[in-house]
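**Student:** Going by this note's numbering, the first residue of the sequence shown is number 16, and it counts up by one from there. Built from N, CA and C at the ideal position, the CB exists for glycine as well.
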Amino acid sequence: MNGAAISFSSKKHTTTDDSTTAAELTELHLRACDVVDFRELLKEIGLEQQEPTIIFQDNQAAIQISMTEGETIDQMVRRLRGRVVRRASWRTVDGRRTYIPGTYSGGVMTLTTPQAEALARTAAMHVGNQAREAVYAANADLVKGYQRVETLDTKTCLICGVADGQVVKTGESRTMLPAHPNCRGVWVPVLKSWRELGIDADEVAPGTRASMDGQVPEYETWRDLLEKAGPARRVEILGPSRARLYAQGYPLEALVKDGRVVPLAELPKRGAA
Ligand SMILES: [Zn+2]
16 MNGAAISFSS
26 KKHTTTDDST
36 TAAELTELHL
46 RACDVVDFRE
56 LLKEIGLEQQ
66 EPTIIFQDNQ
76 AAIQISMTEG
86 ETIDQMVRRL
96 RGRVVRRASW
106 RTVDGRRTYI
116 PGTYSGGVMT
126 LTTPQAEALA
136 RTAAMHVGNQ
146 AREAVYAANA
156 DLVKGYQRVE
166 TLDTKTCLIC
176 GVADGQVVKT
186 GESRTMLPAH
196 PNCRGVWVPV
206 LKSWRELGID
216 ADEVAPGTRA
226 SMDGQVPEYE
236 TWRDLLEKAG
246 PARRVEILGP
256 SRARLYAQGY
266 PLEALVKDGR
276 VVPLAELPKR
286 GAA
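#1: Kindly provide the ranges of any beta strand (DSSP E) runs that are 3 or more residues long and lie completely inside the segment 28 to 111, ordered along the chain.
#2: Give me the DSSP bridge partner(s) of Arg224.
#3: May I ask you to list the residues that DSSP assigns as paired with Ser120?
#4: Can Tyr119 and Arg98 be called in contact, C-beta distance under 8 Å?
#5: Could you tell me which residues DSSP puts in a beta bridge with Arg271?
#6: Take the Cβ of Met16 as the centre, count every other Cβ of all protein chains shown within 10 Å, and call the residue buried at 16 or more, exposed below.
#7: Quick one: Cα of Thr185 to Cα of Leu157, how far?
#8: So is the beta-carbon of Ala133 under 7 Å away from any non-hydrogen atom of ligand 1?
#9: Name the residue from Arg106, Ser208, Phe53, Cys48 whose alpha carbon lies nearest to the alpha carbon of Ala20.
#10: Do the CB positions of Val164 and Gly200 come within less than 8 Å of each other?
#11: Taking buried to mean at least 16 other C-beta atoms within 10 Å of its own C-beta, is Gly18 buried or exposed?
#12: Give me the Cβ distance between Ile252 and Ala262, rounded to the nearest whole Å; I'm assuming they're in contact under 8 Å.
#13: Apply the 10 Å Cβ neighbour rule to Gly176 and answer buried if 16 or more other Cβ atoms are within range, or exposed otherwise.
#14: In or out: Val92 buried (at least 16 other Cβ within 10 Å) or exposed?
#15: State the CB to CB distance for the pair Ala103 and Thr127, rounded to an integer number of angstroms; the pair is presumed to be in contact (CB under 8 Å).
#16: If contacts are defined as beta-carbon pairs under 8 Å, then Pro221 and Pro232 qualify, I think. What distance do you get, rounded to the angstrom?
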C-alpha cells in the first residue's frame, strides 16, 4: 500500500499438490482469499475499493487454467490439451486391442482428452463454488447452515451420493467441493426462516429438484432415489456386490469410510452378511 508491503508469507501448504501447476493454483486461491479479507477490512474502515485487485502469477499453466471466464468446456479442453496432431485411436498391437492416446500441440499440459475434460469441468466447478462461497460469506446474516446438493443421476459417485442432503451448521467444518475430479457437488445455503429474521410470515412450500427419474420433491435425496430404484438400477449405480449388500440391509454409510469407497475385499463376503 503506497509502495510498501503490508502482508507477506512464506510457508508450507497444509495440502499436497501433485504438480507445480496445482501448487500454484492452491497459492492463487489462498492469495485471492487474502485479497477478499483485505478488501473487507478496508471497507470496514471506510476505504472501500472500487477497482478490481490484480493478482500476479508467474506460472504460465496456472494463469491459463485460471482464465476460465466465459469459456465453454470444449474451449477449455483445447486450451489445456492443445490442438489435435493425431487423434486417439484403438489399434491391434500383438493381437491385443490397445488404446493409443492422441498427440496434441500448443497445450499447457500433457493430458489426454478425458483428463483435460475432467480438469476443465472440475476447474469450472471450483470457480463456481468459490463464487457461491463469496456470496454466502457476504450474506452471513441470512445463512444459518449449508446443505450438500449432488446431481441425482447414475454418474454421481457413492461417496457424494451418500453425502447428498447433508446439512452442516455455519461455522462447522464441511468437505470443500468439488471433492474430486468431475465432482458436481455444491453447498447451497440454508437460510434463516422469516420468523428467525423477525418477520411474521410463513415459509414458501417446498419445490422440486431434477433427478435421473425426472422432477422429484425437493427433500428427496440420492438415498431416497436409490431406495426407490429397482434392483437392476441399483446394480448400475452400486455395482453387483454392493447392490446385493444393500438389498440385505447393509447400511450405505458403511460402504464409505473416511471419504473413500470401502474396497470390496473389506466388505462382508457373499452369504456372510
Ligand atoms: Zn463424487
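**Tutor:** To lay it out plainly:
#1: 97 to 101, 104 to 108
#2: Val231
#3: Arg98
#4: yes
#5: It is worth fixing the name first, because residue 271 is Val in this sequence and not Arg. For Val271, which the question treats as bridged, DSSP gives the partners Val276.
#6: exposed
#7: 11 Å
#8: no
#9: Phe53
#10: yes
#11: exposed
#12: That belief does not hold up - the Cβ atoms of Ile252 and Ala262 are roughly 13 Å apart, past 8 Å.
#13: buried
#14: buried
#15: 7 Å
#16: 6 Å
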